[in-house]
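According to this note's numbering, the residues represented by the sequence shown are 52 to 279, in order. Glycine is no exception: its CB is placed at the ideal position from the N, C-alpha and C atoms. Values in this document were obtained by computation on a predicted structure and should not be read as measured data.
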Amino acid sequence: MEIGLRRIRVLSFDMEGTLVDPYFSHLVWEVDIPRLYAEQRGLSLEEARERVFREYRAVGEERIEWYDIGYWFRRLGLGSDWRVLLERRRDACRLYPEVRGVLERLRERYTLIVTSNTIREFLEVQLLDLKPLFTRIFSAPSDFGEVKKSPGVYMRVCRELDVEPEAVAHVGDHPKFDYEVPRMVGIRAYHLDREYKSRGEHIVHNLEDFEKRIKMLEFRDNYTEEPH
Ligand SMILES: [Mg+2]
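Put into structure tokens, the structure is as follows:
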């Protein structure tokens, strides 16, 4: 029985797959970079994609380099400036439909933050005009030199905000980085499964769902609090 839990004060959101859909990233990583590589090496696009994807797999999402576009431009020997690429794809950033409404409502009661594995330069472009809704925007690789696979990232976020982990709820679409890891440090984490692949107490299917869970938590916390 969870009695006397500290009230939720901070709501933390993953970015990609949670606030914005993967279209922008897909274009940058799976279309533009292979195309640049093809041009550079005189390969067919298909051949280039195969080779670039092989390189991606060799690094994998648990390593910080995975998220570092500068690293990939160097590793793949792409001559051009990756910042130009991001600018050119700015229009491909798309929020999930419920996001703006949910954030507008939740910001009345909570401090909203982003805790992402995306590097700062991508976050700046992808968050569009949502940025003012957040008190802090944390990029694990840019701010802490780490990936969210490490509980240390979440602990540092709590420290920066001067808040206990129990007073933070986090939501994101990665079962390990956004659910298992933050749970380890005592954050109330929810796994966002937009495809309805699973169900459970800590699984939500969109951010309206998350909003409902937070309301329930708050009600339960108030209800179970001992009288004083
Ligand atoms: Mg994500």
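- Short note on E211: C-beta not closer than 8 Å to any heavy atom of ligand 1.
- Shown here, V150 sits in a helix according to DSSP, grouped into three states.
- Contiguous beta strand (DSSP E) elements confined to the region 158-185 occur at 162-167, taking only those with 3 or more residues.
- A distance below 6 Å between beta-carbons, with the five flanking residues on each side excluded, links V165 to the following residues of its chain, in chain order: F64, M66, F185 and I188.
- Note: I188 is bridge-paired with V165 in the DSSP secondary-structure output.
- Going by DSSP, A240 is part of the beta strand (DSSP E) stretching over R239 to L243.
- Residue pairing from DSSP places F64 in a beta bridge opposite V165 and V222.
- When the Cα atoms are used, Y161 and E269 turn out to be separated by approximately 12 Å.
- Pairing V208 with P226, the inter-Cα distance amounts to about 19 Å.
- Within the same chain, and ignoring the five residues on either side of V214 in sequence, the residues whose Cβ sits closer than 7 Å to its Cβ are R60 and V61.
- Here I254 carries a strand assignment [DSSP, helix/strand/coil].
- A buried status is given to K199, since no fewer than 16 other beta-carbon atoms sit within 10 Å of its beta-carbon.
- Sorting R92, G121 and T69 by C-alpha distance to the C-alpha of W80 places G121 at the top.
- The residue from V219, E246, D244 and K248 with its alpha-carbon nearest to that of R234 is V219.
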